[in-house]
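A short write-up of the structure that comes next.
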Amino acid sequence: MKKINLNYNSIKENGRIRNPFPYQLVNLFNQTKHSTAFIFDLHSNRCIYMAESINYITGHSAEEFIGKGLLFFKSLIHSNDYPQLVCDIVILLNEEKEAINQIANKPIKFIMCKMKHKKELWVQTRVSIISADNTSRNTTEKLIGFIQKYDKILNEGDEPYSKQITNREKQVLQLMASGDSAKIIGRKLNICPNTVVTHRNHLKEKLKAKNTAELIKKGIQFNML
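Following this line, the structure appears as structure tokens:
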């Protein structure tokens, strides 16, 4: 599988904004066959990373997605869903910076995906900006996407936990997904950092998450992000 060099430390370098937090989710999504993650380079119009679990969802290997480019992605999306998907991504790329932060945390609508053996299945996709050049017009360089099989988004017995989440806990979770620290979240929500930590611990308990990365994954599964 083709590897890429991921820089976890550089947030802003040579005029480029980088959000390393989503990279930490890639390996987590690669550990389950019902979810997958990919990174797309807009400069070259190609996939530079695809988790191996894509093979279970679509029947196609990660190498196919990396080697065949944008047209291969398009060929797997149902023709009725492709225009809306493109529209959502165009909005994401062209809105002002403040609007981008809001749109990036909303899941793109469910789409129909074609499997290798001509079967079709529903998947949920979500795309976020992880690298942008802010020297001129905040040009987006890379996107990270998550794909989840629709019938596996909620495991049996899990849904009641998501209904117990308070509005404040959802706000904390959304800011955590953006990579904000407890101190920054506290400042944005006008609460102390210790209260943020308490909310985070409650979220972990309610969603049965062992760590922050798993907590974000659960948030995506329950459509809270």
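Positions 1286 to 1510 (the working numbering) are the ones given, in order, by the sequence shown.
Note that CB positions come from ideal geometry on N, CA and C, so glycine has one too.
None of these values were measured; they are calculated from a predicted model.
Tell me the rounded alpha-carbon separation between residue i and residue j.
i     : j     : result
K1493 : K1359 : 36 Å
R1411 : I1429 : 8 Å
Y1367 : G1471 : 39 Å
D1443 : I1362 : Here the model assigns D1443 a pLDDT of 45, short of 50, so the residue's position is not dependable, and the following value carries that caveat. Their Cα atoms are separated by approximately 29 Å.
G1352 : F1431 : 19 Å
M1461 : I1501 : 8 Å
K1503 : I1342 : 19 Å
H1328 : E1337 : 23 Å
L1406 : L1474 : 39 Å
F1306 : S1463 : At F1306, the pLDDT of 46 sits below 50, so the modelled position is not reliable and the matter cannot be decided from this model.
K1404 : N1508 : 25 Å
L1488 : D1326 : 33 Å
K1318 : G1344 : 11 Å
V1514 : R1453 : Residue numbering for the chain in the displayed model covers 1286 to 1510; residue 1514 lies beyond these limits and cannot be assessed.
R1485 : S1413 : 22 Å
Please identify the residue among the options whose C-alpha is closest to the C-alpha of residue i.
i     : options                       : result
E1349 : E1454, C1477, K1401 and W1407 : K1401
I1374 : A1336, I1333 and K1427        : K1427
I1505 : K1455, N1475 and G1354        : K1455
N1330 : K1318, G1354 and H1345        : G1354
Q1369 : L1356, M1397 and A1347        : M1397
I1476 : K1491, V1457 and Q1409        : V1457
Compute the beta-carbon to beta-carbon distance between residue i and residue j, rounded to the nearest angstrom, for a pair I have assumed lies under 8 Å.
i     : j     : result
L1320 : Q1459 : Correcting the residue identity first, residue 1320 is Ser in this sequence and not Leu. Rounded, the Cβ-Cβ distance is 19 Å, inconsistent with contact.
I1333 : I1339 : At roughly 14 Å, the Cβ-Cβ gap does not stay under 8 Å, so I1333 and I1339 are not in contact.
When DSSP builds the beta bridges, which residues end up paired with residue i?
i     : result
C1332 : F1325
G1352 : According to DSSP, which records beta bridges pairwise, G1352 is partnered with nothing at all.
E1405 : K1399
Q1433 : S1320 and Q1409
I1362 : C1398
Along the alpha helix (DSSP H) that carries residue i, what are the first and last residues, could you check?
i     : result
L1510 : Per DSSP, L1510 belongs to no alpha helix (DSSP H) and is neither H nor E.
E1337 : From DSSP, E1337 is part of no alpha helix (DSSP H); its letter is neither H nor E.
A1519 : This structure gives no information on residue 1519, because the portion of the chain shown stretches from 1286 to 1510.
N1452 : N1452 to A1462
G1471 : A1467 to L1474
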